[in-house]
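J.:
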Amino acid sequence: MNDIIPSRPPVKDNRRTYMMVIYGLYALSALTAFSSVIGVIMAYVKRGDMRGTVYEHHISYLIKTFWVSVTGYFIGAITMVVGIGLVLLFVVSIWFIYRVVAGFVKLYDGKPVSPDGWL
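Sequential numbering of the sequence shown, starting at 1, is according to full-length UniProt numbering.
Here it is as structure tokens:
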């Protein structure tokens, strides 16, 4: 008798997919700021699963990007009354966009990012 044993499908590593989704949510925040909040929550939830992988640095990088940009936007909003706020909001926005794009490119190439760097 020929017993056919079904083979298991290969286990797919979903960590890369999660990282792409988080980067996508950050990018989407240009249209809706709330999506970056969802992204940072996902980053905190998946942080433990990423330990010891190239994605660990990406998670830290994205969490830092979120909190520094929130702080920058807050300071920019407060300093609008003295005129420098608009410039600060613009600089923080450019910094945020740069980090999201640069981080995604490195993720796509399978390279780590420097979570401690500012660019």
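Glycine included, C-beta positions come from ideal geometry on N, C-alpha and C.
All values derive from a computational prediction rather than experimental measurement.
Restricting to runs no shorter than 4 residues, where is the alpha helix (DSSP H) found entirely within the segment 22 to 97?
T.: Qualifying alpha helix (DSSP H) stretches, in chain order: 34 to 46, 55 to 78.
J.: Do residue 43 and residue 63 have their C-beta atoms within less than 9 Å of each other?
T.: Yes, they are a contact pair.
J.: Which residue's Cα is closest to the Cα of residue 52: 116, 119, 112?
T.: Ranking 116, 119, 112 by Cα distance to residue 52 puts 112 first.
J.: Whole-angstrom Cβ separation of residue 76 and residue 85, contact assumed at under 8 Å?
T.: Yes, they are in contact, since the Cβ atoms of residue 76 and residue 85 sit about 5 Å apart, within 8 Å.
J.: Mapping DSSP to helix, strand and coil, what is residue 113?
T.: If DSSP states are grouped into helix, strand and coil, residue 113 belongs with coil.
J.: Ignore the nearest five residues each way along the sequence and tell me which others in residue 79's own chain have a CB closer than 7 Å to its CB.
T.: So the qualifying residues of the chain are 85, 88.
J.: Looking at the structure shown, is residue 119 part of a helix, part of a strand, or coil, going by DSSP?
T.: In the structure shown, residue 119 sits in coil (DSSP, three-state: anything other than H, G, I, E or B).
J.: Going by C-alpha distance, which of 38, 65, 14, 67 is nearest residue 50?
T.: When each option's Cα is compared against that of residue 50, the closest is 14.
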